[in-house]
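Number of protein chains: 6
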Amino acid sequence: MEPVRIMLVEDEGLLLFEFEEALIEAGFNVVAFSSGTKAVEYLRSAEGAAKGVVTDIKLSDRAFDGWEVARIAREVDPEGAVVYVSGHGAVDWPSQGVPNSIVLEKPFAIAQLITAISQLLNGRLADAST
Amino acid sequence: MEPVRIMLVEDEGLLLFEFEEALIEAGFNVVAFSSGTKAVEYLRSAEGAAKGVVTDIKLSDRAFDGWEVARIAREVDPEGAVVYVSGHGAVDWPSQGVPNSIVLEKPFAIAQLITAISQLLNGRLADAST
Amino acid sequence: MEPVRIMLVEDEGLLLFEFEEALIEAGFNVVAFSSGTKAVEYLRSAEGAAKGVVTDIKLSDRAFDGWEVARIAREVDPEGAVVYVSGHGAVDWPSQGVPNSIVLEKPFAIAQLITAISQLLNGRLADAST
Amino acid sequence: MEPVRIMLVEDEGLLLFEFEEALIEAGFNVVAFSSGTKAVEYLRSAEGAAKGVVTDIKLSDRAFDGWEVARIAREVDPEGAVVYVSGHGAVDWPSQGVPNSIVLEKPFAIAQLITAISQLLNGRLADAST
Amino acid sequence: MEPVRIMLVEDEGLLLFEFEEALIEAGFNVVAFSSGTKAVEYLRSAEGAAKGVVTDIKLSDRAFDGWEVARIAREVDPEGAVVYVSGHGAVDWPSQGVPNSIVLEKPFAIAQLITAISQLLNGRLADAST
Amino acid sequence: MEPVRIMLVEDEGLLLFEFEEALIEAGFNVVAFSSGTKAVEYLRSAEGAAKGVVTDIKLSDRAFDGWEVARIAREVDPEGAVVYVSGHGAVDWPSQGVPNSIVLEKPFAIAQLITAISQLLNGRLADAST
Numbered sequence: 000m001e002p003v004r005i006m007l008v009e010d011e012g013l014l015l016f017e018f019e020e021a022l023i024e025a026g027f028n029v030v031a032f033s034s035g036t037k038a039v040e041y042l043r044s045a046e047g048a049a050k051g052v053v054t055d056i057k058l059s060d061r062a063f064d065g066w067e068v069a070r071i072a073r074e075v076d077p078e079g080a081v082v083y084v085s086g087h088g089a090v091d092w093p094s095q096g097v098p099n100s101i102v103l104e105k106p107f108a109i110a111q112l113i114t115a116i117s118q119l120l121n122g123r124l125a126d127a128s129t
Numbered sequence: 000m001e002p003v004r005i006m007l008v009e010d011e012g013l014l015l016f017e018f019e020e021a022l023i024e025a026g027f028n029v030v031a032f033s034s035g036t037k038a039v040e041y042l043r044s045a046e047g048a049a050k051g052v053v054t055d056i057k058l059s060d061r062a063f064d065g066w067e068v069a070r071i072a073r074e075v076d077p078e079g080a081v082v083y084v085s086g087h088g089a090v091d092w093p094s095q096g097v098p099n100s101i102v103l104e105k106p107f108a109i110a111q112l113i114t115a116i117s118q119l120l121n122g123r124l125a126d127a128s129t
Numbered sequence: 000m001e002p003v004r005i006m007l008v009e010d011e012g013l014l015l016f017e018f019e020e021a022l023i024e025a026g027f028n029v030v031a032f033s034s035g036t037k038a039v040e041y042l043r044s045a046e047g048a049a050k051g052v053v054t055d056i057k058l059s060d061r062a063f064d065g066w067e068v069a070r071i072a073r074e075v076d077p078e079g080a081v082v083y084v085s086g087h088g089a090v091d092w093p094s095q096g097v098p099n100s101i102v103l104e105k106p107f108a109i110a111q112l113i114t115a116i117s118q119l120l121n122g123r124l125a126d127a128s129t
Numbered sequence: 000m001e002p003v004r005i006m007l008v009e010d011e012g013l014l015l016f017e018f019e020e021a022l023i024e025a026g027f028n029v030v031a032f033s034s035g036t037k038a039v040e041y042l043r044s045a046e047g048a049a050k051g052v053v054t055d056i057k058l059s060d061r062a063f064d065g066w067e068v069a070r071i072a073r074e075v076d077p078e079g080a081v082v083y084v085s086g087h088g089a090v091d092w093p094s095q096g097v098p099n100s101i102v103l104e105k106p107f108a109i110a111q112l113i114t115a116i117s118q119l120l121n122g123r124l125a126d127a128s129t
Numbered sequence: 000m001e002p003v004r005i006m007l008v009e010d011e012g013l014l015l016f017e018f019e020e021a022l023i024e025a026g027f028n029v030v031a032f033s034s035g036t037k038a039v040e041y042l043r044s045a046e047g048a049a050k051g052v053v054t055d056i057k058l059s060d061r062a063f064d065g066w067e068v069a070r071i072a073r074e075v076d077p078e079g080a081v082v083y084v085s086g087h088g089a090v091d092w093p094s095q096g097v098p099n100s101i102v103l104e105k106p107f108a109i110a111q112l113i114t115a116i117s118q119l120l121n122g123r124l125a126d127a128s129t
Numbered sequence: 000m001e002p003v004r005i006m007l008v009e010d011e012g013l014l015l016f017e018f019e020e021a022l023i024e025a026g027f028n029v030v031a032f033s034s035g036t037k038a039v040e041y042l043r044s045a046e047g048a049a050k051g052v053v054t055d056i057k058l059s060d061r062a063f064d065g066w067e068v069a070r071i072a073r074e075v076d077p078e079g080a081v082v083y084v085s086g087h088g089a090v091d092w093p094s095q096g097v098p099n100s101i102v103l104e105k106p107f108a109i110a111q112l113i114t115a116i117s118q119l120l121n122g123r124l125a126d127a128s129t
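Chains as they are written, first to last, in numbering that gives the first Met the number 0: chain A, 0 to 129; chain B, 0 to 129; chain C, 0 to 129; chain D, 0 to 129; chain E, 0 to 129; chain F, 0 to 129.
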């Protein structure tokens with residue numbers, strides 16, 4: 000079965016590698032980006048190609064942080080799953096996050112990342128008739 | 000503000016009156032039917048005209064019971080709110096109900112009916128991006 | 000339609016009156032108690048007679064506080080709805096509350112009380128197959 | 000019992016009046032604003048004074064629309080309840096809304112507004128330990 | 000620890016194998032069927048033997064499709080977990096699905112299947128008192 | 000990435016080993032205890048050191064059973080995740096459990112344990128603004 004595509008945005012190389020490996024092992028097809036700018040270019044060029052986004056909140060890249068990447072992903076696909084990864088407490092999630100998203104504060108277990116993206120993707124159809 | 004329309008299906012006259020009155024007082028625009036057949040005719044003739052359905056499960060009317068009325072309502076509007084009213088335990092809801100519906104077992108308070116239909120209607124958009 | 004019965008436990012006379020009046024207006028049948036001891040006697044003598052409990056947490060009555068009343072109510076009816084009313088922050092709810100309960104911290108609007116008990120009662124059957 | 004305070008932001012006079020009246024009847028203490036600017040001034044001057052916000056999305060007022068009012072409300076109180084009212088489909092809610100908010104699309108029944116704000120306020124403590 | 004039993008119904012051999020392998024690796028005890036008829040025979044002969052069902056919606060087998068298999072499973076065990084697997088959009092889930100079920104649209108990651116069945120099984124008791 | 004710490008309390012050696020191994024493989028950092036007394040000592044000496052607790056309900060240890068361990072964990076960290084493991088039906092969970100907890104009744108699949116603790120940990124922040 001062809002896997003479902005998830006977009007991963009992380010500017011720390013080791014984390015990018017760790018998350019990508021875990022997502023692939025869980026059965027996802029991952030498109031990975033190390034900057035918000037590249038992620039946004041992809042989103043705008045390939046509508047709906049990714050069913051969900053896992054993004055770090057702080058991105059070295061000046062142009063777009065994770066909050067903005069997620070908003071653009073939702074403009075492209077209003078039902079897209081969104082998981083934020085945060086190194087510093089995610090205190091801004093209540094005001095900056097998008098609805099029906101999950102924020103994971105480091106440290107977290109890889110199982111939490113896989114469960115978070117799976118729950119949100121599973122909810123796409125499940126909630127379509129709520 | 001023009002109110003939102005709810006379909007009410009109840010073959011017991013006193014309950015039909017009681018529920019209609021309560022829904023109207025809560026601010027809903029109610030189209031009421033005393034038989035499943037008439038309700039289904041309306042559903043098929045007026046797609047999307049009602050944003051939700053409140054239906055008794057047992058209907059004297061042979062042709063359609065509440066389970067069938069709700070399935071047809073969801074074929075017309077996959078996001079329609081569905082509340083079942085049951086006099087006898089709703090034991091069949093787990094196998095016969097539609098997803099994201101609520102079943103109210105008599106006796107219940109009118110506030111439960113208003114809360115149930117309101118919750119489900121409020122979830123329509125709220126969950127659209129889950 | 001005969002209404003559904005709710006147990007109300009509140010030792011402040013004015014609040015007891017205000018809550019009882021609001022619950023009755025919402026369509027509930029209320030059995031009210033001004034002490035935990037009387038409430039527990041009722042629970043033990045009339046199994047399942049009440050489908051839900053609204054209880055103040057602090058009760059002048061030494062023998063039972065609201066936490067204990069709720070635990071006994073759940074021993075009698077594991078599916079009973081439980082709403083706690085608190086004057087001082089409900090900080091102990093995470094450790095002392097029962098699962099699937101709601102705590103309302105004063106001040107709250109009467110609509111919050113009616114919505115809370117209605118939601119929990121509506122969930123009784125709705126969740127039976129989850 | 001002193002009621003809980005809700006902030007209402009609506010630039011259409013008739014709706015402002017209708018919503019304010021309904022919220023007061025439901026037991027809320029309402030502070031009403033007809034422009035985003037005035038609402039933001041209040042939020043910044045009176046931290047935590049309001050436990051929730053009901054705001055129209057489109058506000059004639061150039062400076063702040065409902066999306067911005069809600070973000071500022073959440074910066075002031077990360078646990079504040081947020082209900083958006085929308086005249087035109089709320090299509091931007093998935094990308095512009097804040098987490099754990101509800102959007103009501105006109106037409107809606109007044110009961111939906113009361114249920115929405117009550118549910119979110121009731122969830123404040125209930126979810127504090129999730 | 001003896002594992003919990005899940006029923007798997009899938010008429011495409013490769014998928015049956017892939018899903019069975021993944022469920023077993025996740026710690027489930029799987030009883031697999033390649034036709035709705037055989038699945039229904041098992042359900043009727045072994046009440047409660049399986050705590051959940053994972054079923055394809057379209058089954059070559061004329062007699063029973065996944066919708067019917069799930070309804071029969073819920074008649075046998077009203078609290079059974081139900082996950083539908085769909086190759087073509089699951090557009091009928093809002094009208095044909097059972098309450099508290101999850102539908103997975105291909106393509107999906109194996110982690111979504113494991114999370115979906117686990118969530119629903121975990122909810123069985125968790126929601127017993129809601 | 001340094002992993003998140005989970006406390007595990009299980010007096011059956013083989014289960015303790017099985018659960019610990021599974022939690023570690025899922026990416027958690029596990030502190031394991033074979034008695035309630037030792038678990039409570041740790042909780043009281045190391046506030047907030049563990050973000051969640053997985054505890055058997057029945058503990059040979061007279062002093063503290065799983066219900067009590069969980070209440071103490073919530074006194075130390077009101078937002079801590081709590082998963083109960085039960086060999087005998089968890090019938091007391093509705094009256095003895097803490098809010099927003101999950102109870103797993105044996106037999107269960109290891110995936111259910113990992114999903115349960117992950118869901119609850121993921122909800123900590125996600126619900127902070129509800």
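Beta carbons: idealized from backbone N, C-alpha and C, even for Gly.
Within chain F, partners of residue i - CB distance below 7 Å
i: Trp92/C; result: Pro98
Chain-ordered neighbours of residue i on chain C, where CB pairs are closer than 7 Å
i: Arg73/F; result: Pro93, Ser94
i: Val52/D; result: Correct list: empty, because the minimum Cβ distance to chain C is about 15 Å.
Straight-line gap, residue i to residue j (C-alpha atoms, nearest Å)
i: Met6/B; j: Ala110/D; result: 16 Å
i: Ile71/E; j: Ser94/B; result: 7 Å
i: Ser44/D; j: Val75/D; result: 10 Å
i: Leu120/F; j: Leu42/B; result: 44 Å
i: Pro98/F; j: Asn99/C; result: 6 Å
i: Val3/F; j: Ala108/A; result: 6 Å
i: Ser117/B; j: Ala115/C; result: 13 Å
i: Ala125/B; j: Pro77/B; result: For Ala125/B, the pLDDT reaches just 47, beneath the cut-off of 50, and the residue's location in the model is therefore unreliable, although a value from the coordinates is still provided. Looking at the two C-alpha atoms, the distance is approximately 15 Å.
i: Pro34/B; j: Leu15/B; result: The sequence given here has Ser at residue 34/B, not Pro. Rounded to whole angstroms, Ser34/B to Leu15/B spans 11 Å at the Cα level.
i: Pro106/E; j: Lys57/A; result: 31 Å
i: Gly207/B; j: Leu112/D; result: No statement about residue 207/B is possible, as the shown extent of chain B runs from 0 to 129 and does not include it.
i: Thr36/B; j: Ser59/B; result: 11 Å
i: Leu13/A; j: Arg61/D; result: 45 Å
i: Asp10/A; j: Glu17/A; result: 12 Å
Interface residues of chain A facing residue i [CB-CB closer than 8 Å]
i: Thr114/E; result: Ile113, Thr114, Ser117, Gln118, Asn121
Nonlocal neighbours in the same chain, by C-beta distance under 6 Å from residue i, ignoring five residues either side
i: Trp66/A; result: Gln95
i: Gly172/D; result: Coverage of chain D is limited to positions 0 through 129, which leaves residue 172/D absent and any answer about it impossible.
i: Ala21/A; result: Ile109
i: Val39/B; result: Phe63, Ile71
i: Val68/E; result: Val8, Gly35, Ala38, Thr54
Residues that residue i contacts on chain E, provided the C-beta gap is smaller than 7 Å
i: Pro2/A; result: Pro106, Ala108
Same chain, Cβ closer than 7 Å to residue i, five either side skipped, listed in chain order
i: Val102/C; result: Tyr83, Ser85, Ala89, Trp92, Gly96
i: Glu19/B; result: Leu7, Val29, Ala31
Contacts of residue i in chain D (Cβ-Cβ under 7 Å)
i: Ala48/B; result: The premise fails here: Ala48/B is roughly 12 Å from chain D at the closest Cβ pair, so nothing lies under 7 Å.
Under 8 Å from the C-beta of residue i: neighbouring residues of chain B
i: Arg70/E; result: Ser94, Gln95
Under 8 Å from the C-beta of residue i: neighbouring residues of chain E
i: Ala25/A; result: Ala108, Ile109, Ala110
Same chain, Cβ closer than 8 Å to residue i, neighbours up to 5 away in sequence not counted
i: Arg73/B; result: Gly79, Val81, Val97
What are the residues in the region 27-44 of chain F lying within 7 Å of chain E by C-beta distance? none
Please list the segments of the beta strand (DSSP E) lying wholly inside the region 40-107 of chain D, counting only runs of 3 or more residues, in order along the chain. 51-55, 80-85, 101-104
Please go through the region 3-41 of chain C and give each complete alpha helix (DSSP H) segment of 4 or more residues, from N-terminal end onward. 12-24
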